[in-house]
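Sequence lines, in order, name chains S and E.
First residue of the first sequence? That's 0 in numbering that gives the first Met the number 0, and the numbers climb one at a time after it.
First residue of the second sequence? That's 0 in numbering that gives the first Met the number 0, and the numbers climb one at a time after it.
Presented below is the structure to which this report refers.
2 protein chains.
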Amino acid sequence: MPVVKNTDDAQLNHLLAALPADEFARLKSGLEPVSLPLGKVIYESGEHLEYIYFPTTAIISLLYVMENGATAEIGMAGNDGLVGVALFMGGSTTPNRAVVQSAGNAFRLRSKALKFEFGLGATFQNILLRYTQYLMTQISQTAVCNRLHSVEQQLCRWLLINHDLLQTNKLIMTHDLIANMLGVRREGVSIAAGNLQKKGLIKYVRGTITMLDRKELEGVVCECYAVVKQEYDRLLGKYVSKNSSKIP
Amino acid sequence: MPVVKNTDDAQLNHLLAALPADEFARLKSGLEPVSLPLGKVIYESGEHLEYIYFPTTAIISLLYVMENGATAEIGMAGNDGLVGVALFMGGSTTPNRAVVQSAGNAFRLRSKALKFEFGLGATFQNILLRYTQYLMTQISQTAVCNRLHSVEQQLCRWLLINHDLLQTNKLIMTHDLIANMLGVRREGVSIAAGNLQKKGLIKYVRGTITMLDRKELEGVVCECYAVVKQEYDRLLGKYVSKNSSKIP
DNA sequence: ATCTATCTGAGCGCTGGCGCACAAAAGGCG
DNA sequence: CGCCTTTTGTGCGCCAGCGCTCAGATAGAT
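The following block contains the structure:
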């Protein structure tokens with residue numbers, strides 16, 4: 000159900016925007032705009048994928064779901080990336096869930112068209128593989144961060160990542176949902192958020208968090224945040240515009 | 000410094016063994032056997048890679064090193080895989096270290112030959128990408144396991160993975176080294192190992208751990224172990240022989 | 001305006017893992 | 001054979017995060 004007919008918006012996604020004209024031209028007709036509501040499950044763990052998604056304004060979270068129902072986030076993708084690497088990596092699916100964390104739009108592309116263009120071994124393939132390596136860095140850093148850092152630091156990191164992907168500094172998200180992402184207790188998030196609020200770095204009321212002082216947040220966050228960000232620039236900087244994650 | 004002239008041993012690596020005759024023939028001359036001593040650093044975090052490694056009897060650990068020197072393992076590769084995905088993914092390097100965890104042999108292949116064969120888009124590419132997806136699963140599961148499971152369970156998992164990659168049930172490894180891998184205290188490992196020994200599942204003396212009862216270990220371990228193993232079979236089962244990780 | 005569901009604050013007690021410090025045991029080496 | 005290094009056992013005190021429970025606050029619905 001295409002909402003818009005033209006694909007100009009596709010340029011909002013940094014990866015699509017980075018493609019040479021001829022490669023984009025081939026993909027263009029296959030790019031279907033979709034609107035993604037908050038909470039929508041893009042794909043379920045182990046379910047074969049049909050489409051790859053290139054978010055433009057939406058943010059999608061990669062969630063791991065344990066047997067007992069506990070969840071933990073392993074990565075996130077917004078207009079800086081894509082969702083569905085398993086399609087071109089060959090596995091067709093992955094053992095994790097993808098959920099819309101912030102409502103917005105995306106373009107999706109059918110598996111067949113994706114694989115064809117990927118198989119040409121040109122820029123598209125290069126960008127997709129580099130993005131995948133970036134995603135691995137994200138996941139690795141999450142693993143390490145889970146092991147070694149406090150909830151407060153992890154919350155900071157999570158807020159900053161969101162801020163980078165959002166077009167605003169307002170975040171629609173309850174403590175409970177954040178707790179599910181971070182894989183910790185809701186109370187733990189409330190306490191950590193309370194501390195940040197006391198320090199004047201954020202402000203929140205019933206499901207809306209406003210980031211007030213980015214600089215200070217960057218002072219509290221652990222090294223994990225910067226490492227991942229730098230790796231994005233290193234891997235994809237030559238394709239996407241500088242300061243891709245700049246916020247007004 | 001080739002130790003052996005012929006490359007028959009290369010068949011010990013499951014990924015190389017899975018290649019069609021013609022693809023292997025092209026790679027053959029570029030495969031250089033190397034002997035990897037315990038503790039050797041294959042590549043340092045951020046250092047540009049020259050070779051990709053296909054272990055035959057060695058086990059290599061992917062270690063993340065924090066600014067303060069703390070370490071945590073994010074993945075492991077033995078004869079079931081390879082080390083150096085960054086070479087074909089495009090990044091040339093990754094922000095983690097690769098260390099020999101169990102001495103043994105491997106074959107290495109120069110970046111240039113690797114990229115050429117990868118670029119052909121045949122089975123080799125397919126296997127490498129599938130292995131990379133498997134590695135992502137490994138890392139994801141580590142992230143989740145770090146978040147949600149006890150040291151004892153993680154130790155179990157670590158022992159079982161090693162057992163799968165080893166040709167023996169004897170493991171040369173001190174508690175202290177294991178602690179560095181798991182990113183926990185040495186004492187924590189000693190206590191967890193002590194418990195497992197009391198239960199009769201393992202036995203250890205000064206740097207040597209013997210696995211006595213695999214079945215029981217599988218009873219104690221968390222779900223993370225099986226998930227990763229199944230994903231290997233799903234992604235690469237059609238290429239490598241069944242029960243690739245069977246131990247006598 | 002009131003009710004109700006949702007969200008956040010706060011207070012228990014508990015436990016796993018941390019940091020530190022030191023003792024005991026097991027090799028290795030001269 | 002005795003010294004010395006490495007490895008493992010043990011025992012503190014400490015704290016972050018967990019599970020549970022309940023109260024207060026807030027927005028949305030009726």
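Glycine included, C-beta positions come from ideal geometry on N, C-alpha and C.
These figures come from a predicted structure and were not determined experimentally.
Give the secondary structure of residue i by DSSP, where H, G and I count as helix, E and B as strand, and everything else as coil.
i: E:R184; result: coil
i: E:P1; result: Caution applies to E:P1, whose pLDDT of 48 falls short of 50 and renders its modelled position unreliable; the model cannot decide the point.
i: E:L235; result: helix
i: S:E43; result: coil
i: S:N12; result: coil
i: E:K245; result: Low confidence applies here, because E:K245 scores a pLDDT of 42, under 50, leaving its location unreliable; read the following figure in that light. Note: E:K245 maps to coil in three-state DSSP.
i: E:N161; result: helix
i: E:Q140; result: helix
i: E:E72; result: strand
i: S:A17; result: coil
i: S:R107; result: strand
i: S:S149; result: coil
i: E:S28; result: coil
i: S:A225; result: helix
i: S:R205; result: coil
For a contact meaning CB atoms closer than 9 Å, what does residue i contact in chain E?
i: S:V40; result: Per Cβ cutoff of 9 Å: no residues; S:V40 is ~18 Å from chain E at best.
i: S:V82; result: Those do not exist, as S:V82 stays about 14 Å from chain E at its closest Cβ, beyond 9 Å.
i: S:M210; result: None at all; the shortest Cβ gap to chain E is about 24 Å.
List the residues of chain S that residue i touches, going by C-beta distances under 7 Å, in chain order.
i: E:M88; result: L128, R129, T131 and Q132
i: E:R146; result: A71, N145 and G182
i: E:A85; result: Q132
Over what stretch of residues does the alpha helix (DSSP H) that includes residue i continue unbroken?
i: E:E116; result: S110 to G118
i: E:V33; result: Taken as a continuous stretch (DSSP letters only), E:V33 belongs to no alpha helix (DSSP H), being part of the beta strand (DSSP E) at E31 to L35.
i: E:R213; result: R213 to V219
Measure from the C-beta of residue i to each C-beta in chain E and report whether the shortest distance is under 8 Å.
i: S:V143; result: yes
i: S:G199; result: no
i: S:M75; result: no
i: S:S243; result: No answer about S:S243 holds up, because its pLDDT of 45 lies below 50 and its placement is not dependable.
i: S:P94; result: yes
i: S:G118; result: yes
i: S:E230; result: yes
i: S:V98; result: no
i: S:A225; result: no
i: S:P1; result: Here the model assigns S:P1 a pLDDT of 48, short of 50, so the residue's position is not dependable, and the following value carries that caveat. So no, S:P1 is outside the interface.
Can you name the residues of chain S whose CB is closer than 8 Å to the CB of residue i?
i: E:T122; result: The contacting residues do not exist; E:T122 stays about 11 Å from chain S at best.
i: E:T136; result: T93 and P94
Show which residues of chain E have a CB atom less than 7 Å away from the CB atom of residue i.
i: S:Y63; result: S139 and V143
Indicate whether at least one CB of chain S lies closer than 8 Å to the CB of residue i.
i: E:N125; result: yes
i: E:G236; result: no
i: E:P247; result: For E:P247, the predicted model reports a pLDDT of 37, less than 50, meaning its position is unreliable; a value from the coordinates is still stated below. Taking Cβ atoms only, chain S never reaches closer than 8 Å to E:P247, which makes this a no.
What does residue i reach in chain E if we use C-beta pairs closer than 8 Å?
i: S:E66; result: E222
Taking 7 Å as the line, does the beta carbon of residue i fall inside it for any heavy atom of the ligand ZN?
i: E:T141; result: Annotation note on the ligand ZN: not contained in the displayed structure, which lists no ligands.
Taking the beta strand (DSSP E) that residue i belongs to, which residues open and close that run?
i: S:A85; result: Looking at the DSSP string, S:A85 is not in any beta strand (DSSP E); the run it does join, the alpha helix (DSSP H), is A85 to M88.
i: S:Q100; result: R96 to S101
i: E:V64; result: I58 to V64
i: E:K169; result: K169 to I171
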